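Data block below; observations after.
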Amino acid sequence: MASYNISLNTCKILVVDDNPDGLILASTLLRRYGATVFEAFDVQEALRILERTDVDFIISDLNMPIMDGWAFVDQLKRNPVTKDIPVIALTAYAVGEGKRRALAAGFHHFLTKPITPHT
77 MASYNISLNT CKILVVDDNP DGLILASTLL RRYGATVFEA FDVQEALRIL
127 ERTDVDFIIS DLNMPIMDGW AFVDQLKRNP VTKDIPVIAL TAYAVGEGKR
177 RALAAGFHHF LTKPITPHT
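Right under this line is the structure:
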């Protein structure tokens with residue numbers, strides 16, 4: 077594995093993914109670079125975390141049950157407390173129209189699954 081000179085020591089990141097493997101992988105990689113990571117398996121849990129924790133940015137899967145990443149970012153952008161938190165879309169479909177749609181919906185960037193140290 078390549079070594080990168082990256083430090084996320086001061087970053088607090090919320091990762092939201094209903095897939096346990098994806099959640100663990102993303103969290104582990106971010107922690108390896110020094111980030112403090114909060115994990116949520118669904119949007120409801122993420123919203124509870126955001127009620128009590130300030131984060132620097134959010135990485136959210138798009139395809140989740142009950143409330144998906146699209147509805148999540150919409151809700152975040154309508155809330156004065158969370159509207160300025162950068163949100164990164166995590167999806168297996170971050171190409172072409174999917175990228176444009178994510179950025180238009182309010183996501184700041186996107187990562188393609190599966191996430192790797194090179195992502």
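Just so you know, we're using our numbering here: the sequence shown kicks off at 77 and counts up by one. C-beta: ideal position from N, C-alpha, C; glycine also. Please read all numbers here as calculations on a predicted model, not as lab measurements.
Residue closest to residue i, alpha-carbon to alpha-carbon, out of the options
i       : options                            : result
Ile-196 : Pro-141, Phe-117, Asn-85, Val-149  : Residue 196 lies beyond the stretch modelled for the chain, which goes from 77 to 195, so this question has no answer here.
Gly-110 : Pro-141, Asp-132, Thr-86           : Thr-86
Gly-145 : Gly-98, Pro-96, Ile-100, Ala-178   : Ala-178
Val-166 : Asn-155, Gln-151, Leu-187, Lys-175 : Residue identity check: residue 166 is Leu in the sequence provided, not Val. Selected option, being the one with the closest Cα: Leu-187.
Phe-133 : Ala-181, Ala-122, Asp-97, Pro-141  : Ala-122
Gln-151 : Gly-174, Phe-183, Arg-108          : Phe-183
Where the alpha helix (DSSP H) through residue i begins and ends
i       : result
Asp-153 : With the sequence shown as reference, residue 153 is identified as Lys, and Asp is not the correct amino acid for it. Looking at the DSSP string, the run of the alpha helix (DSSP H) that includes Lys-153 is 145 to 154.
Ala-102 : 96 to 108
Val-119 : 119 to 128
Ala-111 : No alpha helix (DSSP H) contains Ala-111, which DSSP labels as neither H nor E.
Where the beta strand (DSSP E) containing residue i begins and where it ends
i       : result
Ser-136 : 133 to 137
Ile-164 : 163 to 167
Leu-84  : Note, Leu-84: premise wrong, no beta strand (DSSP E); not H, not E.
His-239 : Outside the displayed span of the chain (77 to 195) sits residue 239, for which this structure offers no information.
Beta carbon of residue i nearer than 7 Å to that of residue j
i       : j       : result
Lys-189 : Ala-168 : yes
Three or more C-beta pairs below 8 Å linking the segment 96 to 106 and the segment 152 to 164:
The segment 152 to 164 and the segment 96 to 106 do not touch, with fewer than three beta-carbon pairs separated by less than 8 Å.
Quick check: the segment 88 to 96 against the segment 114 to 123, are there 3 or more CB pairs under 8 Å?
yes
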